[in-house]
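For the sequence shown, the numbering used here begins at 143 and goes up steadily by one. Cβ atoms here follow ideal geometry from the backbone N, Cα and C, with glycine treated the same way.
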Amino acid sequence: ATCIAANGNITAAPMFANPGVDFHLLSGSPCIGAADPNNYPSDDYAGYARPFGPLADMGAYEFYTGTCFAQVEGATRVYTTVQTAVDTATVGSLVKVAGVCQGAQPRAAGSDTFTQTAYISQSLTLRGGYTATNWTTPTAQTILDAVGLGRAVYITGTGAVTVDGFTLQGGSASAGGGLYIAAPLSPTVQNIIFYSNTAGYGGGLGLVGGNPRLYHNTFVANTANTAGGGLHVAAGSPIIRNAIIVSNTGSSITATTPITLYYSDVWGNSGCDWGCANVFSDTASLSADPLFVDFGGGNFHLALKSPCVHAADPGDTLTWDMEGDDRPLGRGSDIGADEAATYADVLLAPYSWLGGIPGQPVGHPHILTNTGSISDTFNLTHTLVASDSMGWDVSYTPAFTLTAGEAAEAPVTVIAPDTAVSGTWAIVVLTATSAANGDIYDVVSNTTMVNWNPGVELTPVYTEHVNPGTVLTYEHTLLNTGNAPDSFDVDFSSSYNGSPGWTVSVTPTQATDLGAQQALTVWVRIEIPGTAPGGLIETTIISASSPASGARALVTDTTEINYTTGDRYAANVGGATDELNNCLIPSTPCRTIGHAVVQAVSGDTVKVAEGVYNENNVTLNKNITLRGGYYTSGPGAWEVSDPQGHETIVDAQGTGRVFYVFGSPTIEAFTIKGGDTAGSGGGIYIYSLGAPIIRGNVITGNTAGVYGGGIHNEMGAPTVEQNVLAYNEAARGGGFSSAAGSPGFWSNMVYDNAASADGGGVYVAGGNARIWHDTIYSNDAEQGGGIYLAGGSPVVSNTIVVRNTAAITGGGIYKHAAAAGATLDYNDVWDNTNADYVGATAGSNSISLDPDFLNEAARDLHLYDSPCENTGDATSVGEDFDGQPRAMGTAPDIGADERRRLGVQLEPDNTDNGDPGATVTYEHVVTNTGNYTDTFTIEASSSSLGWTVTPPPDDPDTVEVGPGQAETIYVQVTITGTAAYGFQDRTTVTATSTLNPDVYDTAVDTATVNLKCGIGWMG
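Here you go:
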């Protein structure tokens, strides 16, 4: 094949910059402008537009020279001057500029010539920010520098002009050094930095009129020799928004008519800032150092802390800055030509409105987002506005550090004061401030509305211990704890209201429209009857409830009745009751002994009236006196105990023991019967280490499976005295038994008891029992019919043990070897079946004789002319079975009874004389010949009619005389005035025992009437 060269080919060295390495064309290359003018790509290998100049170059690279490049949109040619591109452009075209364009070209306009970098006289847009390799989207800074040869831009004509995205610098002219609007036009000038331009008027920009739109421009370090270092407005009404005007010389702005700047920063200009004539600012403008990145180095990008960041008009619609950066970056656009790429920003949202109740936390949810381009720390502060600002509590996390784009929950907790009323509110304005730029912050508000929080409180709780018969009042406070007025119904329930004698009332029963946190006093009145039993607990529950809100409160008053000291009364009569009865009032006695004992406290006496009480296991565990023998009506009612005349019977009816004794109570004047237990102590079981007294009782017909049919002492030190123990049964100790301790068993009649094993009358297993002055008769056992001493160190003294029976041995007293410490003496042990003594010796002072009881068959075991009289040993037992003094003779009597001898002697018989009408006094001696202190009645009786004696029979005197003692008495006889001489009167004087009227003595006083002489006159 043959290659034939076509037109336009050349054969010459292309003049590469570095052959084999760098294939860019050098200046002078024959390839420059030699490409096919009709067939070439729009850009070269490196992305530069073709052609650069009138024609495209051959090769991969388009030869470029210089720093200024311009292109008309829709064409591909790149021009080396802005003016060429402007002149080439048609009306309405977009002229794109890249790089740094320096210098100025003159332009004739009529007779005038103007010098500038770009002269615009038709409608077009002049936009910088492009690069030689990117004519699509502005991304770089473009500079038009007149280098002092003229203006940077001159606008005239009538068309619509837009100048966008340049740094205009180095301009010098009489007016408008950076840009001059020479006709009353309304061009748009935006994203322009006016820097270091000089003019007589308007160092940065000057205009002669019209309504230019000046958006997002920065005027810095411009100079006006006359006026308007930044701008000079000779006429017209320019719109100036989002401008930075700083550090200009010759004032910031001069204007002949008033103009207003919006969202602008005017600061640091010589002459004036906002104070220039006819120059005004809106409220959003500021006067502060804009904080450029490097003012001295000409870098007028905004620094991180610039106050102009995000401070532009929020209604701004411009979406790019001088370099084509997106606008806005962050929450809002920046003031000036630059939109800072490194910025702080924050978003705090959402607003919150919540209801709450006093004293309870309300959490308002907020999200804190770092919407800036850097990591930042945000400090949170707040202000509080409240309808009632006292006492509100606000809490939140005070600081957050977040990376760019990071979000965090930032809740705010608000607590309304406890006293906040319904409808009150608080608004917390929360501010999040950037630590990187203190001018960057966001706020959010949360509103807390206090809801109706109904509530009610009743206080205090009372617990009282009171005596029966008390009337007491509890004072409560009803508090509306809610935060709005409310009404409450007041009610109560009571344990015993309405029971006999009990009355409970509450006042008031309603609280109407009680204000928030207001209180009302509620009184509870309790009348307690005098019969209220100790230990009873009255519970009164007071309620306050709101019909409207449902709020309700309860308070409980507890009233416990004391066990008060005092005599207790029990009677088996109509009207007696245990229910709600403390047994303190004689007219309303308790029905049972057991209840009266429970109500009694230590030191009390429980008085029990005559009758039969079918009770068992009555427990006495306190130091009280339990006494029978009383009567309920008539003289002396409840005052005198007379168990013989008013027998008081406690009958267990075979259902258990009668009494169970702990401590040291006293039991006296009862008939105790019908006790039955498989254990010990059928009638009375004495358990504890106390010292009870069992006195003056008839203990009969009781049964125990082990010890002590009548009484069993386990370990105490009881005094058992003056009791009848008869017809009781047990395995051991039919009448009385003692396991241990130190019982005192004296002056008791023990007869007809039976033990299936040992000790028909008395059984002592151990301890230090003292069996003194007892009469033990006709008891029956296998061994030890009267007494069985099984152990310990008992003392048996002054005791009659007669006619008891042992089926095996020891009818009287049986002493086991284990009772080696037993002592026996001064006893009368006689006529017992199967030996009087077994294992024991009688003692040198004991006798074994018939005690000569008063009526053995009738079981009247009092002594009568007994050998036991005055043969006992002196002890500390001061009374016998009947409560009579012991001893009444030269020594105590053996046995329970101390025989009482009564006797009286009245002497002498007297003889005396007396005149008629005279009183004769006789002296006598009354001698008590018995062994017991006695009171004698003394009476005298005259044998003569009309004679008077003292003491007369109908009004005798009395005289108390101790045994073996004598008292002198006097008898007076008054002779009648008419008594005849020699008449004799015999007056009989009688001294009679009040203890036994059959015991008396008499003496006779004889009075003889004297002769009485006298003379009488007869008329």
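Item                                                                                                                                                                                                : Value
Which residue spans inside the stretch 959 to 1038 form an unbroken beta strand (DSSP E) run of at least 3?                                                                                         : 965 to 967, 970 to 972, 995 to 997, 1002 to 1005
Under 8 Å, Cβ to Cβ, is there at least one residue of chain D near residue 1141?                                                                                                                    : Looking at the structure shown, chain D is missing, and only one protein chain is on hand.
Using three-state DSSP, classify residue 325 as helix, strand or coil.                                                                                                                              : coil
Please give the ranges of any beta strand (DSSP E) in the stretch 1074 to 1135, keeping only runs that are unbroken, at least 3 residues long and fully inside the region.                          : 1076 to 1084, 1090 to 1092, 1099 to 1103, 1108 to 1116, 1126 to 1135
Indicate whether residue 838 and residue 844 have their beta-carbon atoms separated by less than 8 Å.                                                                                               : no
Determine whether the beta carbon atoms of residue 309 and residue 337 lie at a separation below 8 Å.                                                                                               : yes
Of the choices 716, 682, 624, whose alpha-carbon is the least far from that of residue 694?                                                                                                         : 624
Relative to the C-alpha of residue 812, which residue among 754, 762, 822, 689 is closest?                                                                                                          : 754
Whole angstroms is fine: what's the gap from residue 553's alpha carbon to residue 567's?                                                                                                           : 18 Å
Compare the C-alpha of residue 437 against each of 1101, 448, 524, 429 and name the closest.                                                                                                        : 448
Is the separation between the beta-carbon of residue 803 and that of residue 867 shorter than 8 Å?                                                                                                  : no
If you reduce the DSSP assignment to three classes, tell me which class residue 864 lands in.                                                                                                       : coil
According to DSSP, simplified to helix, strand and coil, what is residue 741?                                                                                                                       : helix
Taking the continuous beta strand (DSSP E) assigned at residue 697, which residues delimit it?                                                                                                      : 694 to 703
Can you round the beta-carbon distance between residue 909 and residue 934 to whole angstroms, since I take them to be within the 8 Å contact cut?                                                  : 5 Å
Is the stretch 724 to 740 close to the stretch 681 to 691, with three or more CB pairs under 8 Å?                                                                                                   : no
Rounded to the nearest angstrom, how far is the Cβ of residue 941 from that of residue 1037, given a contact under 8 Å?                                                                             : 7 Å
With DSSP collapsed to three states, give me the class of residue 746.                                                                                                                              : coil
Below 8 Å, can you find three or more Cβ-Cβ pairs linking the stretch 405 to 417 to the stretch 534 to 550?                                                                                         : no
Take residue 1031 as the anchor and find which of 1051, 1047, 1023, 1010 has the nearest alpha-carbon.                                                                                              : 1010
Do you know how far the Cα of residue 1155 is from the Cα of residue 1062?                                                                                                                          : 19 Å
Do you know how far the Cα of residue 296 is from the Cα of residue 175?                                                                                                                            : 32 Å
Classify residue 438 as helix, strand or coil using the three-state DSSP reduction.                                                                                                                 : coil
Please tell me whether residue 704 and residue 673 are closer than 8 Å, where the distance is taken between their beta carbons.                                                                     : no
Does the beta-carbon distance from residue 922 to residue 951 come in below 8 Å?                                                                                                                    : no
On the DSSP letters alone, give me the boundaries of the beta strand (DSSP E) that residue 397 sits inside.                                                                                         : 395 to 397
Please go through the same chain and pick out, in chain order, the residues whose beta-carbon is closer than 7 Å to the beta-carbon of residue 1104, but skip the five residues on each side of it. : 1070, 1075
Under three-state DSSP, which class holds residue 735?                                                                                                                                              : helix
As an exercise, report each continuous beta strand (DSSP E) stretch of at least 3 residues that is fully enclosed by the stretch 431 to 513, in chain order.                                        : 434 to 436, 441 to 444, 488 to 491, 494 to 498, 503 to 506, 509 to 512
Buried or exposed: residue 534, going by 16 or more other Cβ atoms within 10 Å of its Cβ?                                                                                                           : buried
Of the choices 785, 983, 160, 848, whose alpha-carbon is the least far from that of residue 1024?                                                                                                   : 785
Note down, in chain order, each residue of its chain lying with its Cβ closer than 6 Å to the Cβ of residue 368, except the 5 sequence neighbours on either side.                                   : 342, 343
Which of the three DSSP states is assigned to residue 424 in this structure?                                                                                                                        : coil
Using CA atoms only, rank isn't needed, just tell me which of 764, 267, 415, 424 is closest to residue 381.                                                                                         : 424
Which one or two residues does DSSP pair with residue 548 in a beta bridge?                                                                                                                         : DSSP lists no partner for residue 548.
What residues are listed by DSSP as bridge partners for residue 262?                                                                                                                                : 297
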